[in-house]
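S.K.: Handing you this structure, nothing more for now.
2 protein chains.
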Amino acid sequence: MSLRYALIALLTGRPMTGYDISKSFSRSVSHVWHAPDSQIYPELNRMERDGLLISVEVPWGKKGTKKEYHVTDTGLADFRAWMESPLVPQRQRDPAYLKAAYFDFADPKAVREQLRQQRTYWEEQLRMLEGTRATLVDRSHPTLAARLAKLDEREAELAVRFKVYAYDGLIAHARTELAWIADGFALLDELYDS
Amino acid sequence: MSLRYALIALLTGRPMTGYDISKSFSRSVSHVWHAPDSQIYPELNRMERDGLLISVEVPWGKKGTKKEYHVTDTGLADFRAWMESPLVPQRQRDPAYLKAAYFDFADPKAVREQLRQQRTYWEEQLRMLEGTRATLVDRSHPTLAARLAKLDEREAELAVRFKVYAYDGLIAHARTELAWIADGFALLDELYDS
DNA sequence: TTATGCATGTAAAGGGTTACATGATTTT
DNA sequence: AAAATCATGTAACCCTTTACATGCATAA
Numbered sequence: 001m002s003l004r005y006a007l008i009a010l011l012t013g014r015p016m017t018g019y020d021i022s023k024s025f026s027r028s029v030s031h032v033w034h035a036p037d038s039q040i041y042p043e044l045n046r047m048e049r050d051g052l053l054i055s056v057e058v059p060w061g062k063k064g065t066k067k068e069y070h071v072t073d074t075g076l077a078d079f080r081a082w083m084e085s086p087l088v089p090q091r092q093r094d095p096a097y098l099k100a101a102y103f104d105f106a107d108p109k110a111v112r113e114q115l116r117q118q119r120t121y122w123e124e125q126l127r128m129l130e131g132t133r134a135t136l137v138d139r140s141h142p143t144l145a146a147r148l149a150k151l152d153e154r155e156a157e158l159a160v161r162f163k164v165y166a167y168d169g170l171i172a173h174a175r176t177e178l179a180w181i182a183d184g185f186a187l188l189d190e191l192y193d194s
Numbered sequence: 001m002s003l004r005y006a007l008i009a010l011l012t013g014r015p016m017t018g019y020d021i022s023k024s025f026s027r028s029v030s031h032v033w034h035a036p037d038s039q040i041y042p043e044l045n046r047m048e049r050d051g052l053l054i055s056v057e058v059p060w061g062k063k064g065t066k067k068e069y070h071v072t073d074t075g076l077a078d079f080r081a082w083m084e085s086p087l088v089p090q091r092q093r094d095p096a097y098l099k100a101a102y103f104d105f106a107d108p109k110a111v112r113e114q115l116r117q118q119r120t121y122w123e124e125q126l127r128m129l130e131g132t133r134a135t136l137v138d139r140s141h142p143t144l145a146a147r148l149a150k151l152d153e154r155e156a157e158l159a160v161r162f163k164v165y166a167y168d169g170l171i172a173h174a175r176t177e178l179a180w181i182a183d184g185f186a187l188l189d190e191l192y193d194s
């Protein structure tokens with residue numbers, strides 16, 4: 001059910017087409033939420049049916065049109081209600097920890113290779129998160145900038161600070177993963193090499 | 001697909017019934033993986049059909065029997081293959097970060113209440129994780145103890161160290177969440193109270 | 001004898017992934 | 001003229017959740 005709130009959140013910045021949203025979801029927004037096209041378009045239709053969004057037909061090229069989605073008052077009220085509802089704790093289901101607990105079943109070389117892949121992945125994540133964080137701080141992030149234009153300075157300050165706060169959480173998480181991976185290499189050295 | 005490997009992992013410790021597994025999944029094992037009864041029993045049947053497990057009928061009470069599942073050689077080979085296969089990075093989809101990025105849409109009082117709930121949840125998680133970690137270190141953890149009985153000291157050392165390593169990752173994660181939550185309270189104080 | 005625990009599921013619905021499908025528009 | 005981008009989906013499958021269903025065994 002969170003997909004629909006991720007969509008409303010995005011659309012509070014500016015009206016977008018399904019395609020725009022899809023692109024956002026494969027770029028910086030994907031740090032906070034991800035969904036493929038095939039999930040986005042049907043959900044937008046359901047949300048319009050439920051009155052959370054309205055679509056406006058906008059000309060595209062010579063003959064075509066595209067649908068730009070706007071958040072309705074109902075949609076915004078729904079979003080606020082969700083924002084204030086208690087957060088259901090996520091169940092642990094990360095294969096990385098499951099695998100780590102049973103590393104003794106795998107060849108140490110294969111384990112090292114996996115740790116290297118994980119390290120590369122999280123280093124890249126961290127780099128992107130820090131890059132996006134910087135664009136939030138200097139207010140150059142496109143979606144954020146669009147939203148800030150509609151707000152006064154006090155409101156803009158809040159919007160920016162909370163987004164930076166969310167990114168700080170993601171960055172801390174990435175750094176924790178990297179530290180754990182480094183510990184993994186050290187453990188392998190201790191258990192197998194010496 | 002990881003559920004089946006979580007099940008094999010558990011069953012390498014000792015043969016179990018679906019009920020035993022279900023109980024493990026709602027106790028300490030849930031830190032690493034979680035699944036409800038309704039997912040476990042059908043999956044065990046599919047795994048037996050696929051030759052990864054065999055079930056042995058064991059008497060239970062006067063008339064009844066229960067099915068104890070054992071990992072087959074095929075199952076173990078499959079598990080090892082999975083252990084050495086590359087880890088697919090998990091897509092980010094945690095509502096906590098999504099919400100945090102839009103805290104300006106919610107009433108500060110409601111936000112504080114959510115942070116309190118999150119803090120309580122993670123404090124409890126941390127307490128449980130540290131408790132379980134201790135039972136791994138002193139080898140009193142029941143499932144681990146059962147497995148260690150079948151291993152020599154060198155193998156036992158590896159099994160224990162990797163499990164502790166996995167828990168260290170989970171503990172670091174919980175601490176990172178708690179630090180982030182504390183930062184959230186500080187941010188609210190700064191933005192709304194002074 | 002009543003409550004708790006042990007044992008094993010089915011059914012329906014929701015959410016997510018992967019693959020496929022199609023056509024217009026803009027850029028090179 | 002070809003390639004990249006914009007635009008909008010459908011279909012099938014898989015995994016997970018929630019709710020329901022049933023009955024025996026053992027301990028208080």
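Each protein sequence line maps, in turn, to chains R and F.
Quick note: the first sequence, position 27, residue 27 per full-length UniProt numbering, numbers continuous.
Quick note: the second sequence, position 37, residue 37 per full-length UniProt numbering, numbers continuous.
Glycine included, each C-beta is placed from N, C-alpha and C at the ideal position.
#1: Curious, which full-length alpha helix (DSSP H) runs of at least 4 residues does the stretch 62-114 of chain R contain?
#2: What is the DSSP secondary structure of F/Ser140, counted as helix, strand or coil?
#3: Under a Cβ-count criterion, where at least 16 other Cβ atoms within 10 Å of its own Cβ denotes burial, should F/Met47 be classed as buried or exposed?
#4: List the endpoints of the continuous alpha helix (DSSP H) containing F/Pro59.
#5: Flag R/Glu84 as yes if its beta-carbon sits less than 8 Å from any beta-carbon of chain F, otherwise no.
#6: Please name the residue, chosen from R/Leu3, R/Gly184 and R/Tyr192, that lies closest to R/Gln114 on a Cα-to-Cα basis.
#7: Comparing C-alpha positions only, which one of F/Arg14, F/Trp180 and F/Glu190 sits nearest to F/Val71?
#8: Any beta carbon of chain F sitting closer than 8 Å to that of R/Pro89?
#9: Does any C-beta atom of chain F lie closer than 8 Å to the C-beta of R/Phe25?
#10: Using a Cβ-Cβ cut-off of less than 7 Å, give me the residues of the stretch 120-147 of chain F that come near chain R, in sequence order.
#11: At a CB distance below 9 Å, what residues from the stretch 24-46 of chain R approach chain F? Give them in sequence order.
#12: For a contact defined as C-beta to C-beta under 7 Å, what are the partners of R/Lys163 on chain F?
#13: Using a Cβ cut-off of 8 Å, pull out every chain R residue sitting near F/Thr72, in sequence order please.
#14: Which term fits F/Trp60, buried or exposed, when burial requires 16 or more other beta carbons within 10 angstroms of its beta carbon?
#15: Determine whether the beta carbon atoms of R/Phe103 and F/Phe105 lie at a separation below 8 Å.
#16: Specify whether the stretch 87-101 of chain R and the stretch 18-35 of chain F touch according to this definition: at least 3 beta carbon pairs, one from each stretch, less than 8 Å apart.
#17: Give a yes or no on whether 8 Å exceeds the smallest Cβ distance from F/Phe79 to chain R.
#18: Measuring CA to CA, which of F/Leu98, F/Leu44 and F/Ile181 is closest to F/Thr17?
#19: If you pair each beta-carbon of the stretch 161-177 of chain R with each one of the stretch 126-138 of chain F, do three or more pairs fall below 8 Å?
#20: Does any CB atom of chain R fall closer than 8 Å to the CB of F/Ala182?
#21: Starting from the beta carbon of F/Thr176, find every residue of chain R whose beta carbon is closer than 7 Å, and list them in chain order.
#22: With H, G and I counted as helix, E and B as strand and the rest as coil, what does DSSP make of F/Met16?
#23: When you compare each of R/Tyr5, R/Leu3, R/Thr12 and R/Ala6 to R/Thr143 by their alpha carbons, which one comes out closest?
#24: If you draw a straight line from the C-alpha of F/Leu158 to the C-alpha of F/Asp138, how long is it?
#25: For the structure I just gave you, are there three or more beta carbon pairs, one from the stretch 169-179 of chain F and one from the stretch 171-179 of chain R, closer than 8 Å?
#26: List the residues of chain R whose Cβ lies closer than 7 Å to the Cβ of F/Ala106, in chain order.
#27: Could you confirm whether any beta carbon from chain F is found closer than 8 Å to the beta carbon of R/Ala149?
#28: Please name the residue, chosen from R/Asp73, R/Ser22 and R/Glu123, that lies closest to R/Gln39 on a Cα-to-Cα basis.
#29: Could you tell me the boundaries of the alpha helix (DSSP H) in which F/Pro42 lies?
#30: Counting along the chain, where does the alpha helix (DSSP H) carrying R/Ala156 start and finish?
#31: With H, G and I counted as helix, E and B as strand and the rest as coil, what does DSSP make of R/His31?
#32: Is DSSP giving F/Met128 helix, strand or coil here?
#33: Using the beta-carbon count (16 or more within 10 Å), is R/Asp78 buried or exposed?
#34: Find out if the Cβ-Cβ distance for the pair R/Leu112, R/Ile181 is shorter than 8 Å.
#35: Do F/Tyr167 and F/Trp82 come within 8 Å of each other at the CB atom, strictly closer than that value?
M.R.: Let's see:
#1: Counting whole runs of 4 or more residues, the stretch 62-114 of chain R contains the alpha helix (DSSP H) stretches 73-84 and 95-101.
#2: In the structure shown, F/Ser140 falls within a coil segment according to DSSP collapsed to helix, strand and coil.
#3: Burial of F/Met47 is indicated by the presence of at least 16 other C-beta atoms within 10 angstroms of its C-beta.
#4: Where F/Pro59 is concerned, there is no enclosing alpha helix (DSSP H), although the beta strand (DSSP E) it sits in stretches over Leu53 to Trp60.
#5: Chain F, which has a Cβ nearer than 8 Å to the Cβ of R/Glu84, makes this yes.
#6: Shortest Cα-Cα distance from R/Gln114 to any of R/Leu3, R/Gly184 and R/Tyr192 involves R/Gly184.
#7: It is F/Arg14 whose Cα lies nearest to the Cα of F/Val71.
#8: For R/Pro89, the answer is yes, since a Cβ of chain F falls inside 8 Å of its Cβ.
#9: Not one chain F Cβ lies under 8 Å of R/Phe25.
#10: Of all residues in the stretch 120-147 of chain F, Tyr121 have a Cβ within less than 7 Å of some Cβ in chain R.
#11: For the stretch 24-46 of chain R, the set of positions with a beta-carbon nearer than 9 Å to some beta-carbon of chain F reads Ser30, His31, Val32, Trp33, His34 and Ala35 in chain order.
#12: Chain F residues near R/Lys163: Ala101.
#13: By Cβ distance, chain R contributes nothing, its closest Cβ being about 15 Å from F/Thr72, past 8 Å.
#14: The Cβ neighbour count for F/Trp60, taken over all protein chains shown within 10 Å, is under 16; the residue is labelled exposed.
#15: Taking 8 Å as the Cβ cut-off, R/Phe103 and F/Phe105 do not qualify as a contacting pair.
#16: Segments in contact, yes.
#17: Taking Cβ atoms only, chain R reaches closer than 8 Å to F/Phe79, which makes this a yes.
#18: Taking each of F/Leu98, F/Leu44 and F/Ile181 in turn and checking the Cα distance to F/Thr17, the smallest one comes out for F/Leu44.
#19: No, because fewer than three Cβ pairs between the stretch 161-177 of chain R and the stretch 126-138 of chain F fall closer than 8 Å, the two stretches do not touch.
#20: So no, F/Ala182 is outside the interface.
#21: Contact note: F/Thr176 reaches chain R through Ala172, His173 and Thr176, using a C-beta cutoff of 7 Å and chain order.
#22: If DSSP states are grouped into helix, strand and coil, F/Met16 belongs with the strands.
#23: Here the closest residue by C-alpha is R/Thr12.
#24: The alpha-carbon atoms of F/Leu158 and F/Asp138 are separated by roughly 14 Å.
#25: Counting Cβ pairs under 8 Å, three or more are found: they touch.
#26: Contact of F/Ala106 with chain R by beta-carbon distance below 7 Å involves Arg80, Met83 and Glu84.
#27: At a cut-off of 8 Å between C-beta atoms, R/Ala149 does not count as an interface residue with respect to chain F.
#28: Of the candidates R/Asp73, R/Ser22 and R/Glu123, the one whose C-alpha sits nearest the C-alpha of R/Gln39 is R/Ser22.
#29: Asp37 to Arg49 is the extent of the alpha helix (DSSP H) around F/Pro42.
#30: Unbroken alpha helix (DSSP H) run through R/Ala156: Glu153 to Leu188.
#31: In this structure, R/His31 counts as helix in the three-state DSSP scheme.
#32: Helix at F/Met128.
#33: Counting other Cβ atoms within 10 Å of its Cβ, R/Asp78 reaches 16 or more and is therefore classed as buried.
#34: Note that residue 112 of chain R is Arg in the sequence shown here, rather than Leu. No, the pair does not count as a contact, with Cβ atoms beyond the cut-off.
#35: Pairing F/Trp82 with F/Tyr167 gives a Cβ-Cβ distance that is not under 8 Å.
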